[in-house]
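Quick note, our numbering runs 1077 ahead of the 1-based positions in the sequence shown. Cβ atoms here follow ideal geometry from the backbone N, Cα and C, with glycine treated the same way. This report refers to the structure that appears directly beneath it.
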Amino acid sequence: MTQIPATRTPSASLPRLSTTVAGPVGGPGVLLAHGATGSVQDNYGTLIPALTATGHRVVAPDYPGSGQTPRADGPLELDALADAVVAEAVAAGVERFTAIGFSMGTAVAVRAAARHPERVRGLILTAGLAKADTRALVWLDLWLRLLDRGDYQGFAQARALSGLSPEHLGALAPDELAAVLDPDPTLPPAGSAEQAALVGVLDTTADLPGIAVPALVIATTLDGLLDPAHSRYLAEHIPGAQYAEVVSGHMPMVERDAEWLALIGDFLAAQGL
């Protein structure tokens, strides 16, 4: 297995993040942090309109190499990425906000709360982790090998197997399956390798006990990429966190979107966020 370094060189200077801003000015703020090898549109295409429909002001940055944001000149580092997404919210006039993270974005959201407690009012973490386990590291190593070799068909297959539950994958119509397995090299974000490498080294375990805002952790119980034990760990180590489950693979916005959106909307309403 390719060795993912335990320590990293200093993070590259991040480019300005391309950011979607939506919803009424002055509405309750929400900052979205997407997952590795994903984008705002991929992960939050349904959540953004749902949030704006309830009056929220949404700030959704794309990481380096995702969406319209250019790649960074080197490896990504969690502190720098957390600072960059917070800076985008402040630049958009959203001084305080609920941070919503999916997959790697949960670590970005947690680190943002740890580094900027004056800004973060709440946390919602879906299919996340504090630190990669052996299974996740094996998947990440496979992704990195396939990307390094330019094997985009293999990368699409690996993402399908790790991201979708067996039931959902097996129920896809032939045209839907072909779309999921499309080997087009332009489909994965250009920064996929840097983002996947960051997942292999991030660690927010020391941040969790100091989180002092309302938090909801949503586990995906059929997750083949990040075992739901990761979400249980987050819920158990963030003081007062609420815990919920969605019976889906890693991508609840694909498999159980309405249920996922309802959990998020109900928590925001109950907490006045």
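Report task. List the DSSP bridge partners of I1295. Result -> Note: I1295 sits in a beta bridge opposite T1203, A1321.
Query raised in the report: Excluding sequence positions up to five away, which residues of its chain have a Cβ less than 6 Å from the Cβ of S1095?
Result: D1139, G1144, Q1145, T1146
Query - Where D1119 falls, given that 16 or more other Cβ within 10 Å makes a residue buried - result: Here D1119 is buried. Its C-beta has 16 or more other C-beta atoms within 10 Å.
Requested in this report: Look at the alpha carbon of R1148 and the alpha carbon of V1215, and state the distance between them as a whole number of angstroms.
Outcome: 24 Å
Report task. Ignoring anything shorter than 3 residues or poking outside the stretch 1178-1248, list the beta strand (DSSP E) runs there in chain order. Result -> 1197-1203
Requested in this report: Leaving out five residues on either side along the sequence, give the residues of the same chain with a beta carbon under 6 Å from the beta carbon of D1280.
Outcome: K1208
Query raised in the report: Looking only at C-alpha atoms, which of Y1229, R1093, T1211, G1178 sits nearest to P1266?
Result: Of the listed residues, the one whose Cα sits closest to P1266 is Y1229.
Query raised in the report: How about L1311 and T1183: do their beta carbons lie closer than 8 Å?
Result: yes
Query raised in the report: So what's L1108 in DSSP terms, helix, strand or just coil?
Result: strand
Report task. Buried or exposed for R1226, please, with buried defined as at least 16 other CB atoms from any protein chain shown within 10 angstroms of its CB. Result -> Under a 10 Å Cβ-count criterion, R1226 is classified as exposed, with fewer than 16 other Cβ atoms of the shown protein chains found around its own Cβ.
Report task. Taking only the alpha-carbon atoms, compute the straight-line gap between T1163 and A1110 and give it to the nearest angstrom. Result -> In the sequence as presented, Thr is not what sits at residue 1163; that position holds Val. Taking the straight line from one Cα to the other gives about 10 Å.
Query raised in the report: Helix or strand or just coil, what does DSSP make of R1333?
Result: coil
Query raised in the report: DSSP on R1173, reduced to helix/strand/coil?
Result: coil
Requested in this report: Check T1114 in the structure and name its three-state DSSP category.
Outcome: If DSSP states are grouped into helix, strand and coil, T1114 belongs with coil.
Requested in this report: Compute the Euclidean distance between the alpha carbons of G1178 and G1199, then round it to the nearest angstrom.
Outcome: 11 Å
Query - Coarse secondary structure for V1136, derived from DSSP in three states - result: Looking at V1136 - three-state DSSP - the assignment turns out to be strand.
Report task. Kindly list the residues whose CB is nearer than 7 Å to the CB of E1165, restricted to its own chain and excluding five residues on each side of it in sequence; keep chain order. Result -> Closer than 7 Å at Cβ, skipping near neighbours: L1094, T1096, V1136, P1138.
Requested in this report: State the start and end residues of the unbroken alpha helix (DSSP H) segment that holds V1102.
Outcome: V1102 -> no alpha helix (DSSP H), and no H or E assigned at all.
Query raised in the report: Looking at C-beta atoms only, is the number of pairs between the stretch 1290-1303 and the stretch 1311-1329 that lie closer than 8 Å three or more?
Result: yes
Query raised in the report: Which residue comes first and which comes last in the alpha helix (DSSP H) that contains V1290?
Result: That residue, V1290, is in no alpha helix (DSSP H); it is neither H nor E in DSSP.
Query raised in the report: Under a three-way DSSP split, which group does T1131 fall into?
Result: coil
Query raised in the report: Excluding the five sequence neighbours on either side, which residues of its own chain have a C-beta within less than 7 Å of the C-beta of E1244, listed in chain order?
Result: Nothing listed; no residue qualifies.
Query raised in the report: Which residues in the same chain as G1287 place their Cβ atom closer than 7 Å to its Cβ, once the five residues preceding and following it in sequence are excluded?
Result: A1191
Query raised in the report: In its own chain, which residues sit with a C-beta less than 7 Å from the C-beta of S1239, not counting the 5 before and 5 after it?
Result: The beta carbon of S1239 sits closer than 7 Å to the beta carbons of W1216, G1301, L1302, H1327 from its chain, once the five residues preceding and following it are set aside; these are given in chain order.
Query raised in the report: Looking only at its own chain, which residues have a Cβ that is under 7 Å from the Cβ of A1099, when we skip the five neighbours before and after it?
Result: I1125, T1129, V1135
Query raised in the report: Anyone know if the C-beta pair for E1271 and P1152 falls short of 8 Å?
Result: Going by C-beta atoms, E1271 is nearer than 8 Å to P1152.
Report task. Count the other C-beta atoms from every protein chain shown that fall within 10 angstroms of the C-beta of P1105, then say buried if there are 16 or more, exposed otherwise. Result -> buried
Requested in this report: Following the continuous alpha helix (DSSP H) through S1269, name the residue where it begins and the one where it ends.
Outcome: Counted as a single uninterrupted DSSP element, the alpha helix (DSSP H) harbouring S1269 occupies residues 1269-1278.
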